[in-house]
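Taking it in order: structure first as structure tokens, then the write-up.
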Amino acid sequence: MELALLFVTVWKMNLLLAYSRAIVRQTVKNGNLYFAPVAVSDSKMRRKFSTGEEDVHSTGKWKYKQNRGTGDKGQSSLINGERRWKDDATFDAVGAVDELNATLGRARFLSDENGFFDVTEKLIEIQCTLQDICSCIVAPKTANISENLRKRTEFDPQFTIELDHWIDLYAAEVPPLTQFILPGGNPLSSSIHEARCISRRAERSLIPLIRNDEIDPAPIQYLNRLSDLLFVLARYICHILNDTELSYKKKVVYSDLTTSKHPLRHEWKRYYI
């Protein structure tokens, strides 16, 4: 009787776990389909956005880039159909944010594999917010779009306030930082450190757009705070997994002709926090 009860309990736990993973996968799928800047060259999609009609996302009739080849001559479209060269600052920024999003996708997978489900949920939210930033970038202030579409592509500063809260939450769980640390620790924290560096680059890519008053500063504030959060998350993961963080130590190079056959000797030790 007890064995049967144990079997039923384990079966229910496995079923619940499978259901939870399915929800996460569906959330990620929906988040990634929220907005696709590369697809706005489709005139039908632009018409639906500008008139407020039911769009392809709400109907579920999504087809990937029906008008393929529109960018074969080196240009792509903003949300209003305006054509710009692909090396324009706008698309450079979109590409950097997209690269950051992809890197966070790998970190999210590793986070889920290591049981950091709270971190996984936050990374999903961040990935969806990065899609919002892409929407904001491809709808510059100079774009002639409807008021409804303008509101849909505005970036909410509240997202940055939420990141501040998460930073305080996880920073309280890690030991104080007294030295520079070397990125690493384990595959998950290393992946988050990599995303942190890309977040800094994405932040820099938005500066020309802000300088030219094409977008509001809210997205760059979010990316600036995001890199801080990713640094804290990487440290938090190392702390929970008891992985050692290497600290920076300046290498000393000195000449000793009297005690060594080699004129230059290198003194290097591994220091830990």
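When the letters of the sequence shown are read in order and numbered with mature numbering (1 follows the signal peptide of the UniProt record, and there is no 0), they come out as residues -18 to -1, 1 to 255.
Backbone N, C-alpha and C define an ideal beta-carbon position, used for all residues, glycine too.
DSSP assignment within the stretch 111 to 141 yields the following whole alpha helix (DSSP H) runs of 4 residues or more, N-terminal first: 129 to 135.
If the five residues before and after L164 are omitted, its C-beta is found closer than 8 Å to the C-beta atoms of E227, L228, S229 and Y230, all from its own chain and listed in chain order.
The alpha-carbon of L215 is positioned some 29 Å away from that of F73.
Contact fails between the stretch 167 to 182 and the stretch 140 to 152, because fewer than three Cβ pairs, one in each stretch, are under 8 Å apart. Annotated as distal: A200 and L82, with beta-carbon spacing of 8 Å or more.
L223 has no beta-bridge partner at all, per DSSP.
Remark: C-beta atoms of Y204 and T142 approach each other more closely than 8 Å. Rounded to whole angstroms, the separation of the alpha carbons of V156 and H221 is 6 Å. Within 10 angstroms of the beta-carbon of A89 lie 16 or more other beta-carbons, which makes it buried. Put simply, of N224, I127, S93 and D70 the residue whose alpha carbon is nearest the alpha carbon of I61 is I127.
Taking C-alpha positions only, C110 is separated from F91 by approximately 15 Å. Scanning its chain for C-beta atoms nearer than 8 Å, with the 5 sequence neighbours on each side dropped, one finds around I115 the residues V79, F137, P201, Y204 and L205, in chain order.
Annotated three-state conformation of I163 is strand, per DSSP. Secondary structure within the stretch 163 to 222: the alpha helix (DSSP H) runs of 4 or more consecutive residues, fully enclosed, are 169 to 193 and 200 to 222 (chain order). Within the model, the alpha-carbon separation for N96 versus V120 is close to 36 Å.
Our two residues, A154 and Y218, have alpha carbons roughly 9 Å apart in a direct line. Pairing T52 with A177 gives a Cβ-Cβ distance that is not under 8 Å.
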